[in-house]
Amino acid sequence: MILRKYMSLLGVGSAQIDLILSKDQYCKDESVKGEFHLKGGIVEQEITRIECDLIVTDHQSKEEVMIGSTSLLTSRKIKNGHLEKIPFTFDLPTELLPSNDKRSYRFKTRLTFSEGVESKDQDQITITE
Numbered sequence: 001m002i003l004r005k006y007m008s009l010l011g012v013g014s015a016q017i018d019l020i021l022s023k024d025q026y027c028k029d030e031s032v033k034g035e036f037h038l039k040g041g042i043v044e045q046e047i048t049r050i051e052c053d054l055i056v057t058d059h060q061s062k063e064e065v066m067i068g069s070t071s072l073l074t075s076r077k078i079k080n081g082h083l084e085k086i087p088f089t090f091d092l093p094t095e096l097l098p099s100n101d102k103r104s105y106r107f108k109t110r111l112t113f114s115e116g117v118e119s120k121d122q123d124q125i126t127i128t129e
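Mapping of the sequence shown onto the UniProt record's numbering: residues 1 to 129, in sequence order.
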């Protein structure tokens, strides 16, 4: 049991997060809906925060800019092997430019624990006119 706890502190067998979106193509000013899926690891862990940032990447300059962010502060425990679903909503700004071969958008999600390594997830979306 102690070995499993130390392994989870290093990120091996720790809880994972996955952002599941209802679709992957959106218009600017649309509301993105989905769920955070939290899957418990090999030991129970205390979750302190879920953060999700919308990032735009300019493929010519290689520049990444955070457009918006949402955070959920919590002090819940996720049991080993347990699956928990938390609703997600994000309102896209009206000034977004459409996705193309020079510009792309993604949600970057982080799950933070009271102890241990963060769990991360990335989900690409397409913005249309």
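Each residue gets a CB set at the ideal place from its N, CA and C atoms; glycine is no exception.
The structure presented is a predicted model; accordingly, all values stated were derived computationally and were not measured.
Contact annotation: Lys-102 and His-59 have beta-carbon atoms nearer than 8 Å.
Gln-16 has its alpha-carbon roughly 21 Å from the corresponding atom of Val-32. Burial is judged here by how many other beta carbons sit within 10 angstroms of a residue's own beta carbon; Ile-20 has fewer than 16 and is exposed. A straight line joining the alpha-carbon of Gly-68 with that of Leu-111 spans about 17 Å. In this structure Lys-28 touches Ile-127 by the C-beta definition: roughly 6 Å separates them, less than 8 Å.
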